[in-house]
Amino acid sequence: MSAMVPLRAAAICSNLLFGTYGALDHIYPVLVLHVILLPVNIVRLIQVIVSDDDPATVAVSSITLTPLLGAMQWRQLKTWIAEWHRRAVERTELIKLCERDRRDIRISRADAQAEALKPFWRA
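Residue numbering for the sequence shown follows our numbering, starting at 654 and increasing by one per position.
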């Protein structure tokens, strides 16, 4: 048991760091992977700490994800991810517009660049 606690803690730290990296660099597969793995590693860490048995024999169903998620619903998370993806795509397309198209929608080059440089999570 004592060997698993630092390994799970390292896995949680790496999930946080790589998730942040994926978010900041717009590498969505990395972001999604570590967002999925983070609660798994947290649950397994809690199981190792709480259980007196061998960690390999602890049932995954003994601790569920529902209390760990709190108020956040999976549907809300799915909506957020879809919104973030939409923003990232729109901002990429906005920077590619020619001068004539930007004039049609009444956006200057500076405004288009400022909007395109905003992170996907910022409205």
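Cβ coordinates follow ideal geometry from the N, Cα and C atoms, glycine included.
Extent of the continuous alpha helix (DSSP H) to which residue i belongs
i: Phe-671; result: 657 to 677
With 16 other Cβ atoms within 10 Å as the buried cut-off, status of residue i
i: Arg-762; result: exposed
i: Ser-714; result: In this predicted model, Ser-714 has a pLDDT of only 48, less than 50, meaning its place in the structure is not dependable; the value taken from the coordinates is given anyway. The residue in question, Ser-714, is exposed, as its Cβ has fewer than 16 Cβ neighbours within 10 Å.
i: Arg-753; result: exposed
Proximity of residue i and residue j at Cβ, strictly below 8 Å
i: Ile-748; j: Ala-765; result: yes
i: Ala-676; j: Leu-684; result: yes
i: Ala-776; j: His-679; result: no
i: Trp-737; j: Trp-774; result: yes
i: Val-693; j: Met-657; result: no
i: Leu-690; j: Asn-668; result: yes
Nearest-angstrom Cα separation, counted from residue j out to residue i
i: Lys-731; j: His-687; result: 15 Å
i: Thr-745; j: Val-703; result: 47 Å
i: Thr-673; j: Leu-660; result: 20 Å
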